[in-house]
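Reading through the structure tokens given below for one structure.
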């Protein structure tokens with residue numbers, strides 16, 4: 016059976032690209048691996064990618080900064096992906112709480128599934144957690160976060176479902192296994208699923224159950240989707256066929272240049288993407304130059320200099 020090996024990336028909406036860049040690079044210590052555009056409106060919106068040193072699937076966080084295109088502030092709530100967990104080593108909690116205090120980042124510590132989670136938001140209010148756990152990823156060593164405390168890719172995502180049973184069914188159709196439940200009288204109940212592989216990276220989904228919580232509204236400060244990783248286009252099509260056989264509507268293949276994608280909206284309201292592992296970010300840049308220039312796929316057939324002049328200023332380091 017085709018294997019959905021884990022999470023590939025997450026995508027969210029931001030406002031100011033410089034503020035977004037400064038937070039993920041200077042505070043979280045991730046590498047800026049790609050500066051491209053939203054392909055349907057290239058003259059208005061960047062697509063910014065942050066990750067480990069190589070942009071490995073399972074480490075990637077991407078953003079659409081909406082400065083040049085009107086979008087209201089969103090509301091994180093039911094019917095959306097509602098948080099991303101980023102892996103930190105055991106013993107790094109004190110380092111990160113101290114770093115957040117130095118950078119005036121509000122945080123909250125919680126315990127569940129035998130893990131410590133430091134909850135916080137980015138400058139636009141998109142929720143994240145730093146979660147203690149294992150990973151096969153080496154942290155990016157080009158910033159000022161010591162490597163022994165650096166972020167080691169993604170740990171998990173949380174889906175705040177309108178229809179938990181429907182979300183469970185999609186995850187189980189993907190081959191994922193229910194492995195635990197954590198109940199909390201105020202924060203809601205969580206049911207955890209894990210990918211059917213042993214790789215300790217980006218392999219968990221928590222389904223959050225809070226029936227009386229407000230409905231989410233997509234906008235600045237919310238997630239657009241979570242993407243799961245499949246090996247290649249053949250496996251992607253096989254998965255799409257399996258989902259369709261189980262009554263779900265999947266899109267046709269979409270060319271995202273660095274990977275190929277298909278999408279569904281799962282019954283709980285979140286958008287699930289299925290992205291191939293390749294061809295990857297070395298398609299148009301050598302690793303040492305990642306993020307240094309605006310990159311646009313050749314098939315888009317646009318004037319890069321004209322587009323760059325229309326986009327907001329973004330100073331990278």
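Numbering (this note's numbering), first residue to last: 16 to 332.
Think of the CB as a built atom: it goes at the ideal place given N, C-alpha and C, for glycine as much as any other residue.
Computed from a prediction, not measured in an experiment: that's the story for all the values here.
**Asked** Thinking C-beta only, is residue 130 closer than 8 Å to residue 106?
**Response** Within the chain shown, the letter at position 91 stands for residue 106. Within the chain shown, the letter at position 115 stands for residue 130. Taking 8 Å as the Cβ cut-off, residue 106 and residue 130 do not qualify as a contacting pair.
**Request:** List the DSSP bridge partners of residue 118.
**Result:** Here residue 118 corresponds to residue number 103 of the chain shown, with the count starting at 1. According to DSSP, which records beta bridges pairwise, residue 118 is partnered with nothing at all.
**Message:** What does the alpha-carbon distance come out to for the pair residue 46 and residue 68?
**Reply:** Here residue 46 is taken as the residue at index 31 of the chain shown, counted from 1. Here residue 68 is taken as the residue at index 53 of the chain shown, counted from 1. Straight-line Cα distance between these residues: approximately 6 Å.
**Request:** Report the residue from 40, 79, 238, 173 whose alpha carbon sits nearest the alpha carbon of residue 327.
**Result:** As a working mapping, residue 327 is identified with position 312 in the chain shown. Of 40, 79, 238, 173, the residue nearest in Cα terms is 79.
**Prompt:** Do the CB positions of residue 100 and residue 172 come within less than 8 Å of each other?
**Reply:** Taking the first residue of the chain shown as position 1, residue 100 is located at position 85. Taking the first residue of the chain shown as position 1, residue 172 is located at position 157. Yes. Within cutoff.
**For residue 51, the three-state DSSP class (helix, strand or coil)** = Walking along the chain shown from the start, residue 51 turns up at place 36. Correct three-state label for residue 51: strand.
**Message:** Only counting the same chain, and skipping five residues up and downstream in sequence, which positions put a Cβ closer than 6 Å to that of residue 233?
**Reply:** Counted from its first residue, the chain shown places residue 233 at position 218. If we look at residue 233 and ignore the five residues flanking it on each side, its Cβ neighbours are 89.
**Distance CB(residue 210)-CB(residue 21) smaller than 8 Å** = For the purposes of this step, residue 210 is identified with residue 195 of the chain shown, where counting begins at 1. For the purposes of this step, residue 21 is identified with residue 6 of the chain shown, where counting begins at 1. Contact flag set, yes.
**Message:** What does DSSP give as the partner residue(s) for residue 143 in the beta ladder?
**Reply:** Indexing the chain shown from 1 puts residue 143 at position 128. DSSP output for residue 143 lists 99, 135 as bridge partner(s).
**Prompt:** Just reading off the beta strand (DSSP E) that residue 30 is part of, what are its end residues?
**Reply:** For the purposes of this step, residue 30 is taken as the residue at position 15 of the chain shown. Here residue 30 belongs to no beta strand (DSSP E), and DSSP marks it neither H nor E.
**Message:** Along the chain, where does the beta strand (DSSP E) containing residue 20 start, and where does it finish?
**Reply:** Position 5 of the chain shown, counted from the first residue, corresponds to residue 20. It is not in any beta strand (DSSP E) - residue 20 carries neither H nor E in the DSSP assignment.
**Prompt:** Nearest to residue 110 by alpha carbon, out of 163, 212, 238, 230?
**Reply:** Along the chain shown, read from residue 1 onward, the residue named residue 110 stands at position 95. Among 163, 212, 238, 230, the Cα nearest to that of residue 110 belongs to 163.
**Message:** Am I right that residue 95 and residue 175 are in contact with their C-beta atoms under 8 Å? What's the rounded C-beta distance?
**Reply:** Counting from 1 along the chain shown, the entry for residue 95 is found at position 80. Counting from 1 along the chain shown, the entry for residue 175 is found at position 160. Between residue 175 and residue 95 the Cβ distance is about 6 Å, and since that is below 8 Å, they are a contact.
**Item:** Where the beta strand (DSSP E) through residue 123 begins and ends
**Value:** Along the chain shown, one-based indexing puts residue 123 at 108. Segment 123-127, the beta strand (DSSP E) holding residue 123.
**Under the three-state DSSP convention, the category residue 279 falls into** = Sequence index remark: in the chain shown, residue 279 carries index 264 (1-based). Strand, per DSSP.
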